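Student:
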Amino acid sequence: LKLLDDLQSYADSLPYDHDDASLIRVTRRNYDQQTKVPSTLLAAFFQHSAESYQVWAKARPENDYTAVAPYLQKTVDYSRQIAECFPGYDHIADPLIDFSDQDMKAESVRALFAELRQALIPLVKSITAQADVDDSCLHQPYPENKQLAFGQEVIKAYGYDFNRGRQDKTHHPYMTKFSLGDVRITTRVKENDLSEALFSTLHESGHAMYEQGIDMSYDGMPLGNGTSSGIHESQSRLWENQVGRSRVFWQHYYPQLQATFPEQLASVSLDTFYRAINKVQRSLIRTDADEVTYNLHVMIRFDLELALLEGSLSVADLPEAWHARYEQDLGLRAPDHRDGVLQDVHWYGG
121 LKLLDDLQSY ADSLPYDHDD ASLIRVTRRN YDQQTKVPST LLAAFFQHSA
171 ESYQVWAKAR PENDYTAVAP YLQKTVDYSR QIAECFPGYD HIADPLIDFS
221 DQDMKAESVR ALFAELRQAL IPLVKSITAQ ADVDDSCLHQ PYPENKQLAF
271 GQEVIKAYGY DFNRGRQDKT HHPYMTKFSL GDVRITTRVK ENDLSEALFS
321 TLHESGHAMY EQGIDMSYDG MPLGNGTSSG IHESQSRLWE NQVGRSRVFW
371 QHYYPQLQAT FPEQLASVSL DTFYRAINKV QRSLIRTDAD EVTYNLHVMI
421 RFDLELALLE GSLSVADLPE AWHARYEQDL GLRAPDHRDG VLQDVHWYGG
């Protein structure tokens with residue numbers, strides 16, 4: 121702290137975006153956040169999160185919410201305790217949001233989502249009332265190795281550097297960084313669904329390229345990370361959707377995809393394929409959602425999280441609250457907890 125105080129006058133003399141000024145500012149923010157939460161509380165929370173993840177990994181395939189519910193309750197309790205280390209908040213979620221998106225408030229997000237939701241729900245109803253889009257071309261046998269190879273060629277062209285990363289298979293796709301020189305992605309592959317591996321690869325490469333694009337001189341320093349979770353997600357969804365689902369993108373890549381899978385796609389026109397990958401439909405699974413409905417999945421989770429933290433929703437009542445919101449917003453009800461409240465790792469992994 122004394123070092124930071126001694127450096128403050130130097131930082132104040134520099135332009136806001138100067139490297140040294142930014143390093144001092146971000147280091148002070150990190151220091152303030154980390155020292156306000158007792159180390160014993162953080163250690164207990166991290167240990168609990170590791171245990172909770174293992175319970176969830178077993179509970180989800182067994183459709184057993186009761187097994188993980190006590191762990192989720194403990195996660196909520198720990199989250200409240202951490203938030204209370206930052207007095208003066210307007211909403212108990214504000215300090216938790218601030219960890220990943222600086223200065224963002226629960227109420228501003230809630231207001232934004234409420235406005236967006238008013239437009240999205242009727243839009244989804246209008247689109248899904250139209251004639252169904254034929255996406256059968258995506259659901260044929262596609263050899264796994266060829267799917268992965270095609271996706272790798274695309275993200276190389278995007279700019280993902282395999283000399284500073286690698287790709288592996290997983291059930292739930294993610295990006296992980298060990299350093300700016302080692303930024304890895306994982307991909308989920310289904311042999312009867314071409315879009316699964318392709319778009320999860322494009323999405324995770326967006327996260328990874330954002331990290332790989334950080335100046336190597338920042339490696340190991342507080343500046344050597346993405347700015348925020350929101351900015352991170354903007355990059356992944358930019359490459360997945362704005363680029364990866366655009367017509368001009370596929371005008372270039374579709375002949376290559378047809379050459380990779382001639383038996384499946386030789387007789388499928390570009391227009392048919394383009395409509396298939398942009399099909400809008402209600403779905404239960406967030407990671408399978410299309411560009412139009414995806415944000416509704418996020419809004420549902422955000423509102424339920426706030427209710428849990430506020431105490432207006434109990435962990436015991438969460439599954440039914442989940443079903444109610446999905447019926448209200450998307451007109452769907454999950455047949456079980458596996459595709460309902462257990463589908464995402466985030467709540468159970470801390």
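No gaps in the numbering here: position 341 of the sequence shown is 461 in this note's numbering, and each next residue is one more.
Don't be surprised by glycine CBs; every beta carbon is placed ideally from N, CA and C.
Note that the coordinates shown come from a computational prediction; the quantities given were computed from them, not determined experimentally.
Alpha carbon to alpha carbon, how far is His168 from Pro190? Give it in angstroms, no decimals.
Tutor: Rounded to the nearest angstrom, the two C-alpha atoms are 11 Å apart.
Student: According to DSSP, what are the bridge partners of Asp288?
Tutor: Looking at the DSSP assignment, Asp288 forms a beta bridge with Thr306.
Student: Take Thr407 as the anchor and find which of Gln222, Tyr198, Asp464 and Tyr374 has the nearest alpha-carbon.
Tutor: Minimum Cα distance to Thr407 is reached at Asp464.
Student: Over what stretch of residues does the beta strand (DSSP E) that includes Ser133 continue unbroken?
Tutor: Careful: Ser133 lies outside any beta strand (DSSP E) and carries neither H nor E.
Student: Extract the residue ranges of the beta strand (DSSP E) inside the stretch 345 to 402, only unbroken runs of 3 or more that lie entirely within it.
Tutor: Listed in chain order, nothing qualifies, since the stretch 345 to 402 has no complete beta strand (DSSP E) run of 3 or more residues.
Student: Could you give the distance in angstroms between the alpha-carbon of Arg402 and the alpha-carbon of Asp197?
Tutor: Spanning the two alpha carbons is a distance of roughly 33 Å.
Student: Please confirm whether Asp459 and Leu416 have their CB atoms less than 8 Å apart.
Tutor: Cβ distance not < 8 Å, so Asp459 and Leu416 don't count as in contact.
Student: How many whole angstroms separate the CB atoms of Glu331 and Val303, which I take to be in contact at a CB cut-off of 8 Å?
Tutor: Sure, about 5 Å apart at Cβ, within 8 Å.
Student: Taking DSSP's pairing of strands, which residues face Asp313 in a bridge?
Tutor: Its beta-bridge partners are Lys310.
Student: Quick one: using the 10 Å Cβ neighbour count with 16 as the cut-off for buried, is Asp214 buried or exposed?
Tutor: With 16 or more Cβ atoms within 10 Å of its Cβ, Asp214 is classed as buried.
Student: From Gln193 to Ala226, what does the alpha carbon distance come to, in whole angstroms?
Tutor: Their backbone Cα atoms lie some 21 Å apart in a straight line.
Student: Opposite Thr160 in the DSSP bridges: which residues?
Tutor: Beta-bridge pairing links Thr160 to no other residue.
Student: Output the distance between the C-alpha atoms of Asp126 and Leu134, rounded to the nearest integer angstrom.
Tutor: Answer to the nearest angstrom: the Cα atoms are 15 Å apart.
Student: Assess contact between the stretch 371 to 379 and the stretch 334 to 344, defined as three or more Cβ pairs (one per stretch) separated by less than 8 Å. Is contact present?
Tutor: No, the stretch 371 to 379 is not in contact with the stretch 334 to 344.
Student: Under the assumption that Ala317 contacts Gly271 (Cβ atoms under 8 Å), give the Cβ distance between them as a whole number of angstroms.
Tutor: The Cβ separation is near 6 Å, so the contact holds.
Student: Looking at the secondary structure, which residues open and close the beta strand (DSSP E) in which Ser299 lies?
Tutor: First-last of the beta strand (DSSP E) with Ser299: Met295 to Ser299.
Student: Under the rule that 16 or more other beta-carbon atoms within 10 Å means buried, what is Phe282, buried or exposed?
Tutor: Phe282 is exposed by the Cβ-count criterion.
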